[in-house]
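These notes concern the structure reproduced below.
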């Protein structure tokens, strides 16, 4: 039975998209069948995996509005074992267009239920806000993975995110769990990174992944080439860190 992981944090710039792209690619490298759903209107996960977001025939926008079937929106095998449902700026209008539609929070879930069995992992990249797109993602998800940047304001907004997850669990998706927290943009040279990690560990009663994602030049360069780090520079510390995270994610399901 596959697992649907929602990658969410309403704070921008915490490494959500980087994690969506590279965790997916790493899981695929470890022979898992992976579907990535880009729920962010910026479409950065789409382009970061080398998909032309402007010319994709069907995307998440058409899917949510019922203009295509989920099978028609999947771009298969962008990389070995890795398929994508793309997104672009049109998605920003979906929220308004869905006003008044019954059970609009469950559109993605109903669509995903048709193909979920075909994948070991479905990774959903959320926009940096707690809107209908994020709620649709959480209703479709089994777990939420929260990337946290190792910086001073890391804990700000986290309480709000946890509150939202709790609300979704109480009212819409009782099976939703917190997958865990992953630290991103870690700089071993600063005391601050270390303090943030310790601070979060002492304040959060959540699963915290041992794999910490470092600040890494190669990791930052990869998206501009439309490649995950596993393809762009498989020997970089960024690639190694995401492979370790992928291993942890796989084994978390086996506990």
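Numbering (the numbering used here), first residue to last: 39 to 293.
Idealized CB from N, CA, C, for every residue including glycine.
As the structure is a computational prediction, the values presented were derived from the model and not from experiment.
Legend entry - Check whether residue 40 and residue 155 have beta carbons under 9 Å apart: By the CB criterion at 9 Å, residue 40 and residue 155 fall inside the cutoff.
Inset, instruction - Spatial neighbours of residue 110 within its chain, please: CB distance less than 7 Å, with the 5 preceding and 5 following residues excluded, ordered by chain position. - result: Excluding positions up to five away in sequence, the list reads 96.
Legend entry - Start and end residues, alpha helix (DSSP H) containing residue 110: It spans 108 to 111 - the alpha helix (DSSP H) in which residue 110 sits, taken as one unbroken run.
Legend entry - Through-space distance from residue 76 to residue 104, alpha-carbon basis: One C-alpha to the other measures close to 17 Å.
Inset, instruction - Report the rounded CA-to-CA distance for residue 98 versus residue 188, giving the unit in angstroms. - result: Rounded to whole angstroms, residue 98 to residue 188 spans 31 Å at the Cα level.
Inset, instruction - Enumerate in chain order the residues of its own chain whose CB-to-CB distance from residue 165 is below 8 Å, with the five nearest sequence positions on each side excluded. - result: 77, 78, 79, 80, 171 and 172, listed in sequence order.
Legend entry - Collapsed DSSP secondary structure at residue 228 in the structure displayed: Reduced to three states, the DSSP call for residue 228 is coil.
Inset, instruction - Could you check what DSSP says for residue 114 in three-state terms: helix, strand or coil? - result: It is a strand residue.
Inset, instruction - Name the residue from 256, 94 and 132 whose alpha carbon lies nearest to the alpha carbon of residue 122. - result: Selected option, being the one with the closest Cα: 94.
Inset, instruction - Determine the extent of the alpha helix (DSSP H) in which residue 267 is found, giving its start and end residues. - result: For residue 267, the uninterrupted alpha helix (DSSP H) segment begins and ends at 267 to 270.
Inset, instruction - Specify whether the stretch 236 to 250 and the stretch 218 to 227 touch according to this definition: at least 3 beta carbon pairs, one from each stretch, less than 8 Å apart. - result: With a cut-off of 8 Å on Cβ pairs, the stretch 236 to 250 is in contact with the stretch 218 to 227, counting three or more such pairs.
Legend entry - Span of the alpha helix (DSSP H) around residue 120: Note, residue 120: premise wrong, no alpha helix (DSSP H); beta strand (DSSP E) at 120 to 123.
Legend entry - Extent of the continuous alpha helix (DSSP H) to which residue 86 belongs: Here the alpha helix (DSSP H) through residue 86 covers 82 to 86.
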